[in-house]
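In the numbering used here, the protein residues as written are 2 to 155.
Backbone N, C-alpha and C define an ideal beta-carbon position, used for all residues, glycine too.
The model shown is predicted, which means the values in this text are computed figures rather than measured ones.
Presented below is the structure to which this report refers.
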């Protein structure tokens, strides 16, 4: 059970809600309109990430403007080899909320039902030790019995 919860939570963490999308040239103001960040690969091999990017100017004089790691940046568009943009996408955010809700609801149901062990948290065994035996009035029978070692007749 614990492994299943950890697997679901790790998958949830892997869901990226703002993936990078490569933008093919020619780049215009519409390319960076309404995006949160732009990642550019320059001709010299360096890479910049700009927050709140915008494009100003036309043709060979166009500049990509935005907030870089060290403050405001102005990158001539002619020096850009690759442009990627990202924006938060709504559907993955909704999917993440549904997954989290389902996991929490599943844990609550298992806690309430106890996985068929009488309710409560007894059936989940989150601790490392073993729980004390409860007197149930039932006889414990080993899972594997050699031939001729069955239950005594009643």
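Give the secondary structure of residue i by DSSP, where H, G and I count as helix, E and B as strand, and everything else as coil.
i, result
"residue 29", "coil"
"residue 107", "helix"
"residue 136", "Summary for residue 136: the model assigns pLDDT 48, below 50, so the residue's position carries little reliability, and this model does not support an answer."
"residue 70", "coil"
"residue 53", "strand"
"residue 62", "helix"
Provide the residue span of the beta strand (DSSP E) that contains residue i, from first to last.
i, result
"residue 23", "22–24"
"residue 38", "38–43"
"residue 216", "In the structure as shown, the chain starts at 2 and stops at 155, and residue 216 therefore has no counterpart that could be examined."
Just to confirm before moving on: does the CB-CB distance between residue i and residue j stay below 8 Å?
i, j, result
"residue 72", "residue 64", "no"
"residue 111", "residue 76", "no"
"residue 28", "residue 40", "no"
"residue 79", "residue 19", "no"
"residue 83", "residue 37", "no"
"residue 51", "residue 62", "no"
"residue 42", "residue 54", "no"
Assign residue i to one of two classes, buried (16 or more other C-beta atoms within 10 Å of its C-beta) or exposed (fewer than that).
i, result
"residue 113", "exposed"
"residue 136", "Confidence in residue 136 is poor, its pLDDT being 48 and thus under 50, which makes the residue's placement too unreliable to answer from."
"residue 108", "exposed"
"residue 31", "exposed"
"residue 139", "Note that residue 139 scores a pLDDT of 45, beneath 50, so its modelled location is shaky; the value from the coordinates is reported in the next line. With fewer than 16 Cβ atoms within 10 Å of its Cβ, residue 139 is classed as exposed."
"residue 33", "buried"
"residue 86", "buried"
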